[in-house]
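Start counting the sequence shown at 361; every next residue gets the next number (our numbering). Where a beta carbon is used, it is the ideal one built from N, C-alpha and C, also for glycine. Encoded as structure tokens, the structure appears first; notes follow it.
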Amino acid sequence: MSQDRKYLLIVDDTEIDRIILKSILCTEFEILEASSGNMAFEFITSKREILDAILLDISMPNIDGFDVMRFMEDKGINDIPVFLVTAEPTRANVEKALQYNVAEFIGKPFDKEDILRRLRSRLGVLPRYDLEKGDLTETLKYISDLEVFYRNYLANFGKNDAHYRIMTDLMEILLTNYNRLSRGSRLSEDNITLISKAAYFCDIGEMLIPDKRLQLLSGRTTSVQDLQRNHTEFGASLIRLNRSEKCSYFVEVCASMCLHHHERFDGKGYPSKIMGRNNSIFNQFCRLVDEFDQMRSKFYGDKAKPVSFVIKRLLHDDSGMVSPEVYSVLEDCEKQIFNYFMKKDV
Numbered sequence: 361m362s363q364d365r366k367y368l369l370i371v372d373d374t375e376i377d378r379i380i381l382k383s384i385l386c387t388e389f390e391i392l393e394a395s396s397g398n399m400a401f402e403f404i405t406s407k408r409e410i411l412d413a414i415l416l417d418i419s420m421p422n423i424d425g426f427d428v429m430r431f432m433e434d435k436g437i438n439d440i441p442v443f444l445v446t447a448e449p450t451r452a453n454v455e456k457a458l459q460y461n462v463a464e465f466i467g468k469p470f471d472k473e474d475i476l477r478r479l480r481s482r483l484g485v486l487p488r489y490d491l492e493k494g495d496l497t498e499t500l501k502y503i504s505d506l507e508v509f510y511r512n513y514l515a516n517f518g519k520n521d522a523h524y525r526i527m528t529d530l531m532e533i534l535l536t537n538y539n540r541l542s543r544g545s546r547l548s549e550d551n552i553t554l555i556s557k558a559a560y561f562c563d564i565g566e567m568l569i570p571d572k573r574l575q576l577l578s579g580r581t582t583s584v585q586d587l588q589r590n591h592t593e594f595g596a597s598l599i600r601l602n603r604s605e606k607c608s609y610f611v612e613v614c615a616s617m618c619l620h621h622h623e624r625f626d627g628k629g630y631p632s633k634i635m636g637r638n639n640s641i642f643n644q645f646c647r648l649v650d651e652f653d654q655m656r657s658k659f660y661g662d663k664a665k666p667v668s669f670v671i672k673r674l675l676h677d678d679s680g681m682v683s684p685e686v687y688s689v690l691e692d693c694e695k696q697i698f699n700y701f702m703k704k705d706v
């Protein structure tokens, strides 16, 4: 795929649990193991630059999981997501964990598919998957049906899907060039098509945000801003309702995009405040084309003319939004994007 394998550190004093977790994860990740809190200190200190996530058991003798997280906090290590492993995620443990950089809880006994799904989504890793003809046919049928459903929803609220269609087209332009320029990328045309189409549905979770009148009737006090932010989780959950194995590649890509397209490279986004390389480059492309087209649409006159200006504006005014690599691909595509808008006349 487009990125090197991620490095995970498993910290658990129980050997059988380490063996089980390693067997689940080793096909997609590079695994390091620590059997104690002290060993975890050593790995976190010496391997900090390559560690992408830590699976940390709470209950260990002498130095437990909270001691390890306290050590990380004292050392200013706040950019490595921690998955707490526990047989009992009690209320006390959950409240205590909120003080630290905890990504999620992983329960025992281990659920292989659940663990892989969470890690893939959190770390921006796509499953290794070659699309068969039957898979692609069923997936495209699902996408077509979902588009009709979503377009009707937008129409009911006096909106259209022009912005999302543009996002899809821009994603295809950027991904095609990224695939050509990046030595690590091995995306097929089908991969590019499905990843691009996923961008169309990035805000589909807004369908599940209650109407303001319904909020008043139900007595809910959740702020509009909080509800708006919730659309990321709503969208991912909605997409994952499709459990067809043939559609699993698209579902994984699209759910991750729904969930994390508002993250920022500098860690100031939402909902998970993912920082740097821990967000999929495809999610970053989605964030960029969303911001690009919204900024471009603010200008009048020749609709293609602002392309160069918008690119420069994004580069200079919001450099922490996505990675330098993603910005570089956008710059390389300036002429293609300009020509796209000229032909589209939008």
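Exercise. Between the stretch 591-604 and the stretch 518-526, do at least 3 Cβ pairs fall closer than 8 Å?
Worked result: no
Problem set entry | Gly565 CB to nearest heavy atom of the ligand GDP below 6 Å | Although the ligand GDP was asked about, the structure shown includes no ligands whatsoever.
Exercise. By the 10 Å Cβ neighbour count, where 16 or more other Cβ atoms means buried, how is His676 classified, buried or exposed?
Worked result: exposed
Problem set entry | Distance, Glu390 Cα to Asn551 Cα | 24 Å
Exercise. Lys704 to Cys646, Cα distance in whole Å?
Worked result: 20 Å
Problem set entry | Selection from Gly636, Asp529, Glu492, Asn539 that minimises the alpha carbon distance to Ser556 | Asp529
For this session: Would you decide whether Lys375 is buried or exposed? Buried here means 16 or more other CB atoms lie within 10 Å of its CB.
Result: It is worth fixing the name first, because residue 375 is Glu in this sequence and not Lys. By the neighbour-count rule (16 or more Cβ atoms within 10 Å), Glu375 is not buried but exposed.
Problem set entry | Spatially closest choice to Leu648 from Val613, Lys633, Pro684, by CA coordinates | Pro684
Exercise. Is DSSP giving Gly680 helix, strand or coil here?
Worked result: coil
Exercise. Can you give the Cα-Cα distance for Lys628 and Met635, rounded to whole angstroms?
Worked result: 8 Å
For this session: Kindly identify the DSSP beta-bridge partner or partners of Thr446.
Result: Gly467
Problem set entry | Beta-carbon spacing of Glu402, Arg378 below 7 Å | no
Exercise. Comparing alpha-carbon positions, which option in Asp471, Asn638, Phe698, Arg624 lies nearest Asp678?
Worked result: Arg624
Exercise. By how many angstroms is the C-alpha of Glu448 removed from the C-alpha of Pro421?
Worked result: 17 Å
Exercise. Of all the CB atoms in chain D, is at least one closer than 7 Å to the CB of Asp653?
Worked result: Within the model displayed, chain D is absent; a lone protein chain is all it includes.
Exercise. Any idea what DSSP makes of Ile564, helix, strand or coil?
Worked result: helix
Exercise. If Val667 sits next to Glu694, beta carbons under 8 Å apart, how far is it from one beta carbon to the other, in whole angstroms?
Worked result: 6 Å
Problem set entry | 8 Å contact criterion, which Asn453 and Ile423 should meet: CB distance rounded | Not really, about 16 Å apart at Cβ, beyond 8 Å.
For this session: Could you tell me which residues DSSP pairs with Val371 in its beta bridges?
Result: Ala394, Leu416
For this session: Compare the C-alpha of Ser383 against each of Ser406, Asp471, Phe431 and name the closest.
Result: Asp471
Problem set entry | Own chain residues within Cβ distance below 8 Å of Leu535, not counting five before or after | Leu547, Ile552, Ile555, Ser556, Phe642, Phe645
Exercise. Using the C-alpha atoms, what's the distance from Arg637 back to Ala596?
Worked result: 20 Å
Exercise. Could you give the distance in angstroms between the alpha-carbon of Ile370 and the alpha-carbon of Leu415?
Worked result: 5 Å
Exercise. In terms of DSSP beta bridges, what is Met702 paired with?
Worked result: Per DSSP, none; premise fails for Met702.
Exercise. From Phe509 to Leu444, what does the alpha carbon distance come to, in whole angstroms?
Worked result: 38 Å
For this session: Go through its chain and collect everything with a Cβ distance to Thr581's Cβ below 8 Å, but skip five positions before and after it.
Result: Any reading at Thr581 must be qualified, since the residue scores a pLDDT of 49, below 50, and its modelled position is unreliable; the value itself is stated next. Answer for Thr581: no residue qualifies.
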